[in-house]
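Asks: Dropping a structure here in structure tokens format, bear with me for questions.
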Amino acid sequence: MTGTAPKRREWDFTRLWSLGASAFALGFMLLMVTLFIWQSIPVWKHEGISYVTGKSWFFRQQEFGMLPMVYGSVMVAAVALIIAVPLGLGTAIFTSEFLPSRVRLVVKLIVELLSGIPSVVYGLLGILFLRNWVYDMLERFEPLNGDTLLTAGLLLAVMVLPTIMTLADDALRGVSVNQRLAARGLGLTQTETIFSIVLPQAAPGLMSAVLLGLGRALGETIAVFLVVGRQDNQWPDPIYSMRLLIESGQTLTSKLGSSETNIAYGDPLHWAAMVGLGLILLLMTAAITWVGIRLGKGKDGHA
Amino acid sequence: MRKLRHRLFWLLTAFCASLACGILLLLVGAIAFRGWPAISWNFFTEQIRLVGASGGIFYNLIGTLILITTALVTCLPIAFGIGLLCGVYQRQHKWRSHLMMLLYLLNGVPSILFGLFGLIVFVKFFGWGKSWLSGGILLGIMMLPTVTVAFIERIEGLPAKYFEAAKGLGLTTTQVVWSVIIPQSLSGLITGSLLGLVRAATETAPIMFTATVFAGATVPHGVKENPVLSLPYHIFILAQDSFDPAVGAKIWGTALVLVGLALLLSLLALPLRLRIHEEARHH
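Those protein sequence lines, which keep their order, are chains A and B. FYI, in the numbering used here the residues of the first sequence are 43 to 345. FYI, in the numbering used here the residues of the second sequence are 915 to 1197.
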């Protein structure tokens, strides 16, 4: 022992290492946020609030408004969730309530294996199958091509499905067996038990599964990049028009993933505008993750 | 009537489950079916020729292996430290839950932002240019939450009596860590590492600006301006103009190799995970 610390607490290398490593993780997060804030200062000075609310992005005219990209991100994630949430919850109810636990484990492990499919491979599948399929399906609306917000949303739906499925299954399994048995003992059918006991109890956990799926959908880059069309300045008029769903669009991530990130570096203002997109994306996903994790924590405080 | 409703609901959820699993299995099937014709011994041992239309993916495979090895080396010591702080030293304190939240937040950071961070710090400030080292470090930090959380869960799954007995023998906390906790929870660290490596091997966004190029790199011999080829970036570039059928076959072959690598890593983690599941059931 090297330590001479007071009160019987040993300050040895292992303990110091554990503190150092944790400080590193914290430092990394703080550094990332600080860096993004600092590097995006010029664009906030230049545009003010219209950086967030502006509807046009023309970097040659030094005009930077991110709203169309936020719109793209939100729409793509919304399409993904509209499909993936019912499908994922239905699957989770089936695996956790109706399957014997051995089979459930097998299904769960398969799903987890499948969540290891790389996003670039999803993108490839999207390009070669989904794109044409969407184009054919929407032929009477005369889309320009198959690279649309809808295509990206459909692809994302498949991508976030494993996340939602497995987290929702965990949430449902977290409801105590005794409560289920009590409900069955009162003469409720299994379905009625699910609706009156299991789902209400698991609601925060299910909400958490949806939010973490949303976080993934908003942050996914490569697959979206490959099928979204990357068309700037797409803003719906009137606002409730859904026409843009079947047109090419741009999301925060597809913009950041484009070569514009590379060419922007020479120009401080343009670079700041790109980094600012990253900052907004970071804040959005962090907020969603934070709420999702808080909701997902059981009463005993375990995540 | 109530029975009927139950039947209908059962059918509905069964339909969801088969649809979901069906879609996912169909995708894997499509990749395997399309990719298989490209697979041959030469595909693994030759380098790319004719902008991906011919040759193999030797240096891409090497590049990806270099990246994930670097990531693992970066990640393990840090994951180890955080795991001990959360699982042992601060187990009862509120610091633990703050740190866990930090890990979850880190896990939620979109991968492209690691790329942006790396572009600012490694490529520009440090002046490394595109370098395998920056990619490896970024992937290492990205996989940190996966590895650490698996390690912590394993530590906290250990029976409390192990710890108490060792303490009762008069060992200090750190001696308990080395003599009891680490040997008993190493499986968590290994499982976590394998799952983290799946993520590291398959991500494109963190390395596309920082570490990898499409062609012209072999084995790095320094840090600065020493990029590598990689499997995901290869697919990413080729996928953007996949009109040449000869290229098409090679893309799917590469995709199959990458998916195969990911599945292999997850399958290696499987026995340990099953054992943990089993033990959790008996507690």
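We treat Cβ as the ideally placed atom computed from N, Cα and C, and that holds for glycine. None of these values were measured; they are calculated from a predicted model.
1. Pick out whichever of Arg146/A, Leu58/A and Phe106/A has its Cα sitting closest to the Cα of Leu999/B.
2. Step through the CB atoms of chain A and report whether any lies within less than 8 Å of the CB of Leu933/B.
3. Would you verify that the beta carbon of Leu151/A is, or is not, closer than 8 Å to some beta carbon of chain B?
4. Just how far apart, CA to CA, sit Leu986/B and Ala67/A?
5. If the cut is a Cβ gap below 8 Å, which residues of chain A does Met1015/B touch?
6. So what does DSSP say about Ser1099/B, is it helix, strand or coil?
7. Under 8 Å, with one C-beta from each stretch per pair, do the stretch 294-314 of chain A and the stretch 106-117 of chain A reach the 3-pair mark?
8. What does a CB cutoff of less than 8 Å around Tyr93/A pick up in its chain, not counting 5 residues either side in sequence?
9. So is Tyr93/A in contact with chain E if we call contact Cβ pairs under 8 Å?
10. Between the beta-carbon of Ser283/A and the beta-carbon of Thr205/A, is there less than 8 Å?
11. Report all residues from its chain with a CB closer than 7 Å to the CB of Thr1132/B; omit the five preceding and five following residues, and keep chain order.
12. Under a Cβ-count criterion, where at least 16 other Cβ atoms within 10 Å of its own Cβ denotes burial, should Asn174/A be classed as buried or exposed?
13. Would you call Val219/A buried or exposed, if buried means 16 or more other Cβ atoms sit within 10 Å of its Cβ?
14. Note down the Cα distance separating Asp342/A from Ile1066/B, rounded to an integer number of angstroms.
15. If you measure between the beta carbons of Gly261/A and Thr327/A, is that distance less than 8 Å?
16. Gly132/A and Leu253/A look like a contact to me (Cβ under 8 Å); what is the Cβ gap, rounded to whole Å?
17. Who are Thr1126/B's beta bridge partners in DSSP?
18. Using the C-alpha atoms, what's the distance from Arg1068/B back to Phe1039/B?
19. Taking 8 Å as the cut-off, decide whether the C-beta atoms of Thr984/B and Leu1047/B are in contact.
20. Is there at least one Cβ from chain B nearer than 8 Å to Gly257/A's Cβ?
21. Going straight from the alpha carbon of Ile330/A to that of Arg336/A, what length do you get?
22. Within 10 angstroms of the Cβ of Glu184/A, are there 16 or more other Cβ atoms? Answer buried if so, exposed if not.
23. Using a Cβ cut-off of 9 Å, which residues of the stretch 1108-1122 of chain B contact any Cβ in chain A, in chain order?
24. Would Val1161/B pass as a contact of Leu1152/B if the rule is Cβ separation under 8 Å?
25. Quick check on this structure: which residue in Leu1179/B, Arg1187/B, Leu1083/B and Gln1098/B has the alpha carbon closest to the alpha carbon of Pro1073/B?
26. Quick check: Leu209/A and Leu286/A, are their CB atoms within less than 8 Å of each other?
27. In chain B, which residues lie less than 8 Å from Met207/A when you measure between Cβ atoms?
28. Please give the ranges of any alpha helix (DSSP H) in the stretch 1058-1086 of chain B, keeping only runs that are unbroken, at least 4 residues long and fully inside the region.
29. With a threshold of 6 Å on Cβ separation, who are the neighbours of Trp955/B within its own chain once the five nearest residues in sequence on each side are excluded?
30. On the DSSP letters alone, give me the boundaries of the alpha helix (DSSP H) that Glu289/A sits inside.
31. Less than 8 Å separating the beta-carbons of Val162/A and Thr1118/B?
32. Taking Cβ-Cβ distances shorter than 8 Å, what residues in chain B pair up with Pro246/A?
33. Do Leu938/B and Leu129/A have their C-beta atoms closer together than 8 Å?
34. Take Pro310/A and list the residues in its own chain whose beta-carbon comes closer than 7 Å to its own, dropping the five residues that flank it on each side.
35. I need the DSSP call for Gly271/A, collapsed to helix, strand or coil.
36. Per DSSP, Arg963/B forms a beta bridge with which residues?
Replies: Here's the rundown:
1. Leu58/A
2. yes
3. yes
4. 16 Å
5. Trp332 and Ile335
6. helix
7. yes
8. Val85, Trp86, Phe106, Gly107, Met108, Ala315 and Gly318
9. Protein chains A and B are contained in the structure displayed, whereas chain E is not.
10. no
11. Tyr973
12. exposed
13. exposed
14. Bear in mind that a pLDDT of 42 at Asp342/A, under 50, signals an unreliable position, so the model cannot answer this.
15. yes
16. At roughly 18 Å, the Cβ-Cβ gap does not stay under 8 Å, so Gly132/A and Leu253/A are not in contact.
17. Val1142/B
18. 39 Å
19. yes
20. yes
21. 10 Å
22. exposed
23. Leu1109, Val1112, Arg1113, Ala1115, Thr1116, Glu1117, Thr1118, Ala1119 and Met1122
24. yes
25. Gln1098/B
26. no
27. Ala934
28. 1074-1082
29. none
30. Note, Glu289/A: premise wrong, no alpha helix (DSSP H); not H, not E.
31. yes
32. Simply none; closest approach about 16 Å.
33. no
34. Pro84
35. strand
36. Ser968/B
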